[in-house]
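**Q** I have a structure here, written as structure tokens, and I will follow up with some questions on it.
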Amino acid sequence: MISLAGRDILHSWGKFVFTGVGLGLLIGVTLTMAGVYRGMVADARALLDNSGADLWVVQQDTLGPYAESSSIPDDSYRALLTLPGVASAANVTYLTMQVERGQTDVRVMVVGLANGDPSTSGWPPYLIAGRHITRGHYEAVADISSGFALGEHITIRRHQYTVVGLTRRMVSSAGDPMVFIPLKDAQQAQFLKDNDAIWQNRRRTLANPALNPPGAPRLAEAVLASQSTNTYVNAALVTLAPGHDANAVASDIRRWKRLTAYTREQMEGILIGKLIASSARQIAMFLVILATVSAAIVAFIIYTLTLDKIREIAVLKLIGTRNRTIAAMILQQALALGLTGFVVGKITATFAAPLFPKYVLLMPMDTVRALVAVVIICVLASVSAIRMALKVDPAEAIGG
Amino acid sequence: MSAPALRRRAFVLTAALVPVLALFVYVAVNSGPMAPVIVTLAQAEARTITPSLFGIATVEARHSYRIGPTAAGRLESLFVDVGDAVAAGQHLGAMAPVDLGERAQALEAAIQRGAAGVQEAEARHSQADDRARRYRRLFELGSISEEQATAARDDLRAATAALTAAQAGLASNQADREALTALQDHLKLVAPAAGLVVARHADPGTTLVAGEAVVEVVDTGSLWLNARFDQRGSAPLASGQKVNIELRSRGKQSVTGKVLWVEPVADTVTEETRAKILFDPLPAPLPAIGELAEVTVSLPVQSAVVAVPNSAIHRQNGVTGVWKITGRSHEFVPITLGVSGLDGWVEVVAGVAENDLVVHYSEAQVSAGRRLKVVDSLEKTAP
Numbered sequence: 001m002i003s004l005a006g007r008d009i010l011h012s013w014g015k016f017v018f019t020g021v022g023l024g025l026l027i028g029v030t031l032t033m034a035g036v037y038r039g040m041v042a043d044a045r046a047l048l049d050n051s052g053a054d055l056w057v058v059q060q061d062t063l064g065p066y067a068e069s070s071s072i073p074d075d076s077y078r079a080l081l082t083l084p085g086v087a088s089a090a091n092v093t094y095l096t097m098q099v100e101r102g103q104t105d106v107r108v109m110v111v112g113l114a115n116g117d118p119s120t121s122g123w124p125p126y127l128i129a130g131r132h133i134t135r136g137h138y139e140a141v142a143d144i145s146s147g148f149a150l151g152e153h154i155t156i157r158r159h160q161y162t163v164v165g166l167t168r169r170m171v172s173s174a175g176d177p178m179v180f181i182p183l184k185d186a187q188q189a190q191f192l193k194d195n196d197a198i199w200q201n202r203r204r205t206l207a208n209p210a211l212n213p214p215g216a217p218r219l220a221e222a223v224l225a226s227q228s229t230n231t232y233v234n235a236a237l238v239t240l241a242p243g244h245d246a247n248a249v250a251s252d253i254r255r256w257k258r259l260t261a262y263t264r265e266q267m268e269g270i271l272i273g274k275l276i277a278s279s280a281r282q283i284a285m286f287l288v289i290l291a292t293v294s295a296a297i298v299a300f301i302i303y304t305l306t307l308d309k310i311r312e313i314a315v316l317k318l319i320g321t322r323n324r325t326i327a328a329m330i331l332q333q334a335l336a337l338g339l340t341g342f343v344v345g346k347i348t349a350t351f352a353a354p355l356f357p358k359y360v361l362l363m364p365m366d367t368v369r370a371l372v373a374v375v376i377i378c379v380l381a382s383v384s385a386i387r388m389a390l391k392v393d394p395a396e397a398i399g400g
Numbered sequence: 401m402s403a404p405a406l407r408r409r410a411f412v413l414t415a416a417l418v419p420v421l422a423l424f425v426y427v428a429v430n431s432g433p434m435a436p437v438i439v440t441l442a443q444a445e446a447r448t449i450t451p452s453l454f455g456i457a458t459v460e461a462r463h464s465y466r467i468g469p470t471a472a473g474r475l476e477s478l479f480v481d482v483g484d485a486v487a488a489g490q491h492l493g494a495m496a497p498v499d500l501g502e503r504a505q506a507l508e509a510a511i512q513r514g515a516a517g518v519q520e521a522e523a524r525h526s527q528a529d530d531r532a533r534r535y536r537r538l539f540e541l542g543s544i545s546e547e548q549a550t551a552a553r554d555d556l557r558a559a560t561a562a563l564t565a566a567q568a569g570l571a572s573n574q575a576d577r578e579a580l581t582a583l584q585d586h587l588k589l590v591a592p593a594a595g596l597v598v599a600r601h602a603d604p605g606t607t608l609v610a611g612e613a614v615v616e617v618v619d620t621g622s623l624w625l626n627a628r629f630d631q632r633g634s635a636p637l638a639s640g641q642k643v644n645i646e647l648r649s650r651g652k653q654s655v656t657g658k659v660l661w662v663e664p665v666a667d668t669v670t671e672e673t674r675a676k677i678l679f680d681p682l683p684a685p686l687p688a689i690g691e692l693a694e695v696t697v698s699l700p701v702q703s704a705v706v707a708v709p710n711s712a713i714h715r716q717n718g719v720t721g722v723w724k725i726t727g728r729s730h731e732f733v734p735i736t737l738g739v740s741g742l743d744g745w746v747e748v749v750a751g752v753a754e755n756d757l758v759v760h761y762s763e764a765q766v767s768a769g770r771r772l773k774v775v776d777s778l779e780k781t782a783p
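Quick look at the structure:
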């Protein structure tokens, strides 16, 4: 049996291939857009995964430490450790800031790590080069996307840090690469201002008669000393002992420690439902528009392809070809075009994904959904083309 | 179009389609969550670990003197400035005496008056004594009445009392003057020991309260480091251990020192153990007091222990361990950690044996179900 669709494709293969590739690029963009959305969600999840915590303990009634600022005294973790069900508790600080890098600067999230071994909560779970922090000060592990190299010296606020390790996919919910530094340095970085600010602050304090009264010369010194210390952290990461319910321990912490505790599910809800909600909806909206436009373009392409061979269809009808054969030809061509576009789209999306500045995650299930959508759109798009083909008067083959 | 031409075209199109489909399959399998985790491997080695403790310190003077008045007053003179070397006992300046000079003059006059008073009392006493003796003899001869003799004796007693009072008044004034002299000496600001002036807080004319420092003098020979170490792992810290000191002003040019003592009281707020470290020898030029320094204390060497790089240590469900490679599969093995060196190698007390292969670097989190792809390096600049 002769495949009419195949014959027609072979006949005008140039047009078919280029249309297929063009459609493929469109599908590729749609897939990438879905990947951008998935990437945002994955970034938010990566932030939670990488912290390795079961519970996030933050300042009372705040959505910290990621969605809102939170500060708790850095000795709160000792009180948390006394609660039943708490296996470990580690302080952590998060601070998004610009870090100088030669003439330019890089936007990063500086994470303060509690002193311990690499299995402590908050530490990067894997590295791709170098080593973990071994000194209690002035060492850093950076995400590779920050562009920092091993051995490089970076300046964070007042101190220089040596990059001793590199990791990957450690990003904030906004996609900023993380730089891990020891907690005490991070507390300083978060609190200590630049030198000019410190000088100005000292002058302000000394000029304030309430803080620098005549007759009590040591008071101003004490006030200045207290101004340049920081005993606060943003959150405590708690891991649970086996067999304990996260919700029960969280409610214990809320009730007795007067702090707010979030479980993994709640934290995910905050990050995905609140922090990235509007940007995710924006992407989703764009994705819907792109998918609609793609569907319209597929329909239009198939319609015009059919329109181009209206005379041939009329001839086919004239020689007595059955309607079903003509319909099958158009449908097969539409599907072939759609599948070619899908394959090209998937390949381009995969190779284009790493070029994006933020993480683009192409999920296999999204690809399957895209395939089903492409098939459905092709079938629907071919309906109007088939209707037109069937209405063709065989006389047009010899007329016109 | 002829049939052979169509066949040729079909062949060409198929030939072009096959690599595209192959690429598609490759892409589908090797991207996203289905892709294998790219890892590098490390071998557990028997090696020598040099554990070290890293801390930060500030340069301080062991002996520092804040010199100022003991009573409120105004600074009259100050002869030294920051950077001046001073000797023990050197007169550095003085507080304004206010009316101390006038009071001294008044006391001087009072002393002279007292001395005259004593002379007068002595003369009166001598006169009364002579009279009393003469009247006693005359009374014994019966030339005068008993009443007259008794009156003369009473006069002598009164003169003796007046003399004692005058002498006591003089002594009191003299003591007052000595006290005033001591007070005047006290207004002088004197260096209690030899050293260097590091701060000058006030200039002449400034009013100061009691105890406020005018100048600060430190003993430059007694510079030491006030070092802080995280309490975790600080147990082996002991006096006498060698210390490598990197002063912030000198970059990588390190100087040496030794632990003088470990403070018996640790900081409860910062959770740090404190220690004092002596320069050995004292660097020249002297570092600024208050300068930040990084100190690395070398602890006893642990030789021939099984160790893995700390980047190979992972956490899985709250358990610390490594991903051990056995044949073509990998499994998570819990480990017990021992000492660790600053170079990133950690002793493994239990869990892995020498020459065991473990996952070192990985491009994503390794899990039991995911395939691994082993490569030599994940990053070109990796050491």
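In order, the protein sequence lines correspond to chains H and G. Residues 1 to 400 in my numbering are what the first sequence lists, from first letter to last. Residues 401 to 783 in my numbering are what the second sequence lists, from first letter to last. Cβ coordinates follow ideal geometry from the N, Cα and C atoms, glycine included. Predicted model only: the values in this text are computed from it and were never measured.
(1) Any Cβ of chain G within less than 8 Å of the Cβ of H:K346?
(2) So that I know if they touch, is there some Cβ in chain H lying closer than 8 Å to that of G:S351?
(3) Applying the 10 Å Cβ sphere with the 16-neighbour rule, what's the burial state of H:M365?
(4) Is there a C-beta anywhere in chain H that falls below 8 Å from the one on G:T781?
(5) Output, in chain order, the set of chain H residues within a Cβ distance shorter than 8 Å of G:Q343.
(6) Out of curiosity, what's the CA-to-CA distance linking H:N423 and G:R650?
(7) Going by alpha carbons, who is nearest to H:N230 out of H:L240, H:L183 and H:A236?
(8) State the Cα-Cα distance for the pair G:Q765 and G:I725, rounded to the nearest angstrom.
(9) Identify the contact partners of G:P709 in chain H, using a Cβ-Cβ distance below 7 Å as the criterion.
(10) Reducing DSSP to helix, strand and coil, say where H:K391 ends up.
(11) Have a look at the DSSP bridge pairing and note the partners of H:L259.
(12) Distance cutoff 8 Å, beta carbons only. Does G:F364 sit that close to anything in chain H?
(13) Going by beta carbon distance, what residues of the same chain come within less than 6 Å of G:P687, once the five residues before and after it are set aside?
(14) Tell me, please, which residues DSSP counts as bridged to G:R447.
(15) Using 8 Å for Cβ pairs, my map puts H:A142 next to H:V163. What's the rounded Cβ distance?
(16) Answer with yes or no whether the minimum CB distance from G:R650 to chain H is below 8 Å.
(17) Taking the runs of the beta strand (DSSP E) that are 3 residues or longer, which of them lie wholly in the stretch 53-82 of chain H?
(18) Whether or not the stretch 743-755 of chain G and the stretch 426-444 of chain G are in contact is what I'm after, with contact meaning three or more pairs of Cβ atoms, one per stretch, closer than 8 Å; do they touch?
(19) Since G:V739 and G:I438 are thought to touch, with beta carbons under 8 Å apart, how far apart are those beta carbons, to the nearest angstrom?
(20) Whose Cβ in chain H lies nearer than 8 Å to the Cβ of G:I689?
(21) With which residues is G:E502 paired in a DSSP beta bridge?
(22) In the DSSP assignment, the alpha helix (DSSP H) including H:T340 goes from what residue to what residue?
(23) If I measure Cβ to Cβ from H:M447 and keep anything under 6 Å in the same chain, skipping five residues before and after, which residues do I get?
(24) Kindly indicate which residue of H:A129, H:R38 and H:V375 has the alpha-carbon position closest to the one of G:E763.
(25) From the DSSP output, in three-state form, read off G:I725 for me.
(26) Counting only Cβ pairs nearer than 8 Å, list the residues of chain G close to H:W56.
(27) Taking the alpha-carbon positions, what's the H:A87 to G:I645 distance?
(28) Alpha carbon to alpha carbon, how far is G:G741 from H:T134?
(29) Hey, quick one: how far does the beta strand (DSSP E) through H:P182 stretch, first residue to last?
(30) Check whether the Cβ of G:F454 lies closer than 8 Å to any Cβ atom in chain H.
(31) Can you round the beta-carbon distance between G:V618 and G:R600 to whole angstroms, since I take them to be within the 8 Å contact cut?
**A** In short:
(1) At least one chain G Cβ lies under 8 Å of H:K346.
(2) Nothing about residue 351 of chain G can be reported from this structure: the residues present for chain G run from 401 to 783 only.
(3) Exposed.
(4) Note on G:T781: pLDDT 38, under 50, position unreliable in the model; the coordinate value appears next. G:T781 has a beta carbon lying within less than 8 Å of a beta carbon in chain H.
(5) As displayed, chain G neither begins before 401 nor continues past 783, which places residue 343 of chain G out of reach and without an answer.
(6) It is not possible to answer for residue 423 of chain H, since the shown part of chain H is limited to 1 through 400.
(7) It is H:L183.
(8) So the alpha carbons of these two residues sit roughly 15 Å apart.
(9) Ordered by position in chain H, the residues that pass the 7 Å Cβ test against G:P709 are R131.
(10) Residue state, collapsed to three classes: helix.
(11) When beta bridges are read from the DSSP output, H:L259 appears opposite no residue.
(12) This structure does not reach residue 364 of chain G, given that chain G is present from 401 up to 783, and the question cannot be answered.
(13) Within the same chain, and ignoring the five residues on either side of G:P687 in sequence, the residues whose Cβ sits closer than 6 Å to its Cβ are V459 and L647.
(14) Looking at the DSSP assignment, G:R447 forms a beta bridge with G:V705.
(15) Going by Cβ atoms, the distance from H:A142 to H:V163 rounds to 5 Å, so yes, they are a contact pair.
(16) For G:R650, not one C-beta of chain H is nearer than 8 Å to its own C-beta.
(17) If you keep only unbroken beta strand (DSSP E) runs of at least 3 residues inside the stretch 53-82 of chain H, you get 55-58.
(18) Judged by Cβ distances under 8 Å, the stretch 426-444 of chain G makes contact with the stretch 743-755 of chain G, as three or more pairs qualify.
(19) Taking C-beta atoms under 8 Å as the contact rule, G:V739 and G:I438 fail to qualify, at a distance of about 31 Å.
(20) Chain H residues near G:I689: none, gap ~16 Å exceeds 8 Å.
(21) DSSP links G:E502 through a beta bridge to no other residue.
(22) Per DSSP, H:T340 is one residue of the alpha helix (DSSP H) stretching across N323 to A352.
(23) Examination of residue 447 of chain H is not possible in this model, given that chain H is present from 1 through 400 alone.
(24) Checking every option, the nearest Cα to that of G:E763 belongs to H:A129.
(25) Residue state, collapsed to three classes: strand.
(26) In chain order: nothing, as chain G lies at least about 16 Å away.
(27) In this structure, the alpha-carbon of H:A87 lies about 37 Å from that of G:I645.
(28) The straight-line gap from Cα to Cα measures roughly 7 Å.
(29) Per DSSP, the unbroken beta strand (DSSP E) holding H:P182 starts and ends at M178 to P182.
(30) So, interface residue.
(31) The pair is not a contact, with the Cβ atoms about 13 Å apart (cut-off 8 Å).
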